[in-house]
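Taking it in order: structure first as structure tokens, then the write-up.
2 protein chains.
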Amino acid sequence: MTVTVAAAERLIRIGEVARGAGVSVRAVRYYEQQGLLIAERSPSGQRLYRQDAIPLVRFFQQMFAAGLTSRRIAELLPCWDSGHTDAEQRAMLRAERERIQAKIDDLQAALDHLDEVIAVTDTHP
Amino acid sequence: MTVTVAAAERLIRIGEVARGAGVSVRAVRYYEQQGLLIAERSPSGQRLYRQDAIPLVRFFQQMFAAGLTSRRIAELLPCWDSGHTDAEQRAMLRAERERIQAKIDDLQAALDHLDEVIAVTDTHP
DNA sequence: CTAAAACCTGACGCTAGCGTCAGAGGCAAG
DNA sequence: CTTGCCTCTGACGCTAGCGTCAGGTTTTAG
Chain W
1 MTVTVAAAER LIRIGEVARG AGVSVRAVRY YEQQGLLIAE RSPSGQRLYR
51 QDAIPLVRFF QQMFAAGLTS RRIAELLPCW DSGHTDAEQR AMLRAERERI
101 QAKIDDLQAA LDHLDEVIAV TDTHP
Chain R
1 MTVTVAAAER LIRIGEVARG AGVSVRAVRY YEQQGLLIAE RSPSGQRLYR
51 QDAIPLVRFF QQMFAAGLTS RRIAELLPCW DSGHTDAEQR AMLRAERERI
101 QAKIDDLQAA LDHLDEVIAV TDTHP
């Protein structure tokens, strides 16, 4: 039988978050400034994060790569922070989904185009 | 039997290029500044383009969307302007191809991630 | 205790693909 | 000839996600 004793999670500092997520310390501070990642503060003022900040930062990176702005991500954060979502947020989720899908299609077209060129330049150098 | 009489192609001005390709006039001038699109000049100094400038500009847009810089595009232009390509250019083509493919994979992962969130927020609003 | 490493708050810099404004000339129509 | 649209050359502005330096405090290793 296992008992959960409200294990006081070990808090980590900004450097560990940055290394863990593969980004710069500056980037993590920037995310806070944009309202994406709220940190506790130690008595001396240092930022303290829970360990799930690391996958969260990775997720931000993924969304950035998908073309979302930090503002958009901030607006959508409630969708998986809490389970609560309103109609507007769900609509935004769908809209972003469509944007990403369209972007994938564009990239695939560009890839096909490049592949044609590669084929030509290979057989006909 | 058909005879090609070196038909003096009708040259078009910058506005027609821009409208035809769906970009701004400013963008077309920018492409020239970056060495992507060389235009003839009328006696009064106006830019004159051949009609294939329109698909060419569309192609630039596609490459920009795929994350290529104007410098890269300029370096790769010989690959389909002429049929001539050297080993370095073919390597660059392949490298860009891989970059785009990796980007597509990233986007697909982001899309899957978003779809999960959408599924959750739909069944559990 | 001390030196190194990590952290803090500003604040300016950078890139890339244009947008935009200023001021001046070109061109077909009426 | 003039009205109105198109084009020209600079040249500064903008956005977004950080990089980077300055100057100072804090934490950690030995």
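Protein sequences, first through last, are from chains W and R. The first sequence begins at 1 in our numbering and counts up one residue at a time. The second sequence begins at 1 in our numbering and counts up one residue at a time. The C-beta atom is built at its ideal place from N, Cα and C for all residues, glycine as well.
Compare the C-alpha of residue 17 (chain W) against each of W:33, W:100, W:55, W:34 and name the closest.
Residue mapping note: residue 17 (chain W) aligns to position 17 of the first sequence, counting from 1. Among W:33, W:100, W:55, W:34, the Cα nearest to that of residue 17 (chain W) is on W:55.
State whether the region 42-53 of chain R contacts the region 69-79 of chain R, with contact taken as three or more CB pairs (one from each stretch) at a distance under 8 Å.
no
Tell me whether residue 40 (chain W), by its Cβ, gets closer than 8 Å to a heavy atom of the ligand FMN.
With respect to the ligand FMN, the structure shown offers nothing to examine, as it has no ligands at all.
According to DSSP, simplified to helix, strand and coil, what is residue 36 (chain R)?
Locating residue 36 (chain R) in the second sequence gives position 36, where the first residue counts as 1. The answer is coil: DSSP assigns residue 36 (chain R) none of H, G, I, E or B.
Please report the straight-line C-alpha distance between residue 34 (chain W) and residue 70 (chain W), rounded to a whole angstrom.
By 1-based counting over the first sequence, the position of residue 34 (chain W) is 34. By 1-based counting over the first sequence, the position of residue 70 (chain W) is 70. Residue 34 (chain W) and residue 70 (chain W): Cα-Cα distance of roughly 7 Å.
If I follow the unbroken alpha helix (DSSP H) through residue 122 (chain W), where does it start and stop?
Against the first sequence, residue 122 (chain W) aligns to sequence position 122. Residues 87-123.
List the residues of chain W that residue 111 (chain R) touches, going by C-beta distances under 8 Å, in chain order.
One-based indexing of the second sequence puts residue 111 (chain R) at position 111. The contacting residues are 66, 97, 100, 101, 104.
Between the alpha carbons of residue 101 (chain W) and residue 68 (chain W), how many angstroms are there, rounded?
On the first sequence, position 101 is the one that residue 101 (chain W) refers to. On the first sequence, position 68 is the one that residue 68 (chain W) refers to. When rounded, the distance between both Cα atoms is 13 Å.
Mind listing the chain R neighbours of residue 57 (chain W)? Cutoff is C-beta to C-beta under 9 Å, in chain order.
As a working note, residue 57 (chain W) is residue 57 in the first sequence. In chain order: nothing, as chain R lies at least about 14 Å away.
Starting from residue 36 (chain R), find everything on chain W with Cβ-Cβ shorter than 7 Å and list it in chain order.
Translated into positions along the second sequence, residue 36 (chain R) becomes position 36. Here the premise fails: no neighbours, minimum Cβ distance about 16 Å.
Starting from the C-beta of residue 47 (chain W), find all residues in its chain whose C-beta is less than 6 Å away, skip the five residues before and the five after it, and write them out in chain order.
Reading the first sequence from its first residue, position 47 is the one you call residue 47 (chain W). The answer, listed in chain order, is 14, 39.
Which whole-angstrom value describes the C-beta separation of residue 28 (chain W) and residue 37 (chain W), a residue pair presumed to lie in contact below a C-beta threshold of 8 Å?
By 1-based counting over the first sequence, the position of residue 28 (chain W) is 28. By 1-based counting over the first sequence, the position of residue 37 (chain W) is 37. That pair is a contact at about 7 Å.
Could you check what DSSP says for residue 47 (chain W) in three-state terms: helix, strand or coil?
The residue given as residue 47 (chain W) occupies position 47 in the first sequence. Residue 47 (chain W) falls in the strand class under three-state DSSP.
List the DSSP bridge partners of residue 54 (chain R).
Counting from one through the second sequence, the residue named residue 54 (chain R) turns up at place 54. Bridge partners of residue 54 (chain R): none, in fact.
Taking 9 Å as the cut-off, decide whether the C-beta atoms of residue 62 (chain R) and residue 121 (chain W) are in contact.
As a first step, residue 62 (chain R) must be located in the second sequence, where it is residue number 62. As a first step, residue 121 (chain W) must be located in the first sequence, where it is residue number 121. No, the Cβ-Cβ distance between residue 62 (chain R) and residue 121 (chain W) is not below 9 Å.
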